[in-house]
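Here's the structure, in structure tokens; my notes come after.
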Amino acid sequence: MAAGLHLAAVERHYRDSAGRVEVLRGASLTIEPGQLVALVAPSGAGKSTLLHLAGLLEKPDGGEVFVAGQPTSTMGDDARTALRRAHIGFVYQFHHLLPEFSAVENIALPQMINGLPKTEAQARARELLAYLKLAERATHRPAELSGGEQQRVAIARAIANAPAILLADEPTGNLDPKTADHVFATLATLVRATRLAALVATHNMDLAARMDRRVTLRDGLVEELA
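Every position in the sequence shown, counted from 1, becomes a number in this note's numbering once 1324 is added.
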């Protein structure tokens, strides 16, 4: 199995007061390195579940999730956590930056957790900020940044450890159209430059149309959209 992300016939169900709820019924999806894929589906269709499975935050009830060529369903929690830290970056609708730390510190912290010395981590953080045209904002805390700047810092943090896979859940959902367009352009450029396999859940059809592929969830299965 090649590097990238591959979900092979994954199943996921839950139980509620009414009984068993089937969310995914054998969903399959492959995203190659350097590919940007939009996940477009109505609320309740299973987008978050699919992202959680792809990000190793949940285990499938059936099928297999391959991350960077490795099957993950039989891994223990520690191995899954290690694989997630090494190979997967996350971007959410809310930036989740640590308010007491500067932009450069927010980006350096995940690298330091992974064992990189502070000076090297901060140097890479500054390189990423410069690439994202935020060099002059490096020492600013989140409250001193605009919404678009905060989200670009969050994107830099997500790729700081050079993951193979990027998962984004409504990354422009809280932004005005012009800022959303700028943040998306930044994200797309990074995916191409770093050969990430990127899955982006979005309700923004204009942005979805600019991605390499568009998929949806229907009756618990992944379907390609034109």
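Built from N, CA and C at the ideal position, the CB exists for glycine as well.
The alpha-carbon of Leu-1363 is positioned some 17 Å away from that of Arg-1349. Put simply, the stretch 1330-1345 does not touch the stretch 1490-1505. Fewer than three CB pairs are less than 8 Å apart.
9 Å or more divides the Cβ of Ala-1454 from the Cβ of Val-1391. With a beta-carbon spacing of about 18 Å, Gly-1370 and Thr-1354 fall beyond the 8 Å limit used to define contacts. Distances from the alpha-carbon of Glu-1473 to those of Ile-1483, Ala-1484, Lys-1457, Asn-1485 put Lys-1457 closest. In the three-state reduction of the DSSP assignment, Ser-1352 falls in the strand class, which pools E and B. Your pair Ala-1378 and Leu-1407 does not check out as a contact, with CB atoms roughly 12 Å apart and the cut at 8 Å. Distance between Val-1515 and Ala-1521, taken at the CA atoms: about 7 Å. Per DSSP, the continuous beta strand (DSSP E) segment holding Glu-1335 begins and ends at 1329-1340. Excluding sequence positions up to five before and after Val-1428, its CB lies within less than 8 Å of the CB of Gln-1446, Ala-1449, Arg-1450, Leu-1453, Ala-1462, Thr-1463, all in the same chain and listed in chain order. Boundaries of the beta strand (DSSP E) around Arg-1542: 1537-1542. The C-alpha of Ala-1459 lies about 14 Å from the C-alpha of Glu-1468. Between the alpha carbons of Arg-1409 and Asn-1438 lies a distance of about 8 Å. Gln-1394 is classed as exposed because its beta carbon has fewer than 16 other beta carbons within 10 Å across all chains shown. Distances from the CA of Thr-1373 to each of Asp-1530, His-1506, Ala-1492, Asp-1401 were compared; the closest alpha carbon is that of Ala-1492.
Within the stretch 1360-1407, the complete beta strand (DSSP E) segments at least 3 residues long are 1360-1363, 1386-1391, listed from N- to C-terminus. When rounded, the separation of the alpha-carbon atoms in Gly-1471 and Asp-1402 is 34 Å. Only residues of its own chain outside the window of five on either side were considered, and among them Arg-1349, Gly-1350, Ala-1351 have a CB closer than 7 Å to the CB of Leu-1545, listed in chain order. For Leu-1360 and Phe-1508, the gap between their C-alpha atoms comes out near 11 Å. Only exposed fits Arg-1542, as fewer than 16 other CB atoms lie within 10 angstroms of its CB.
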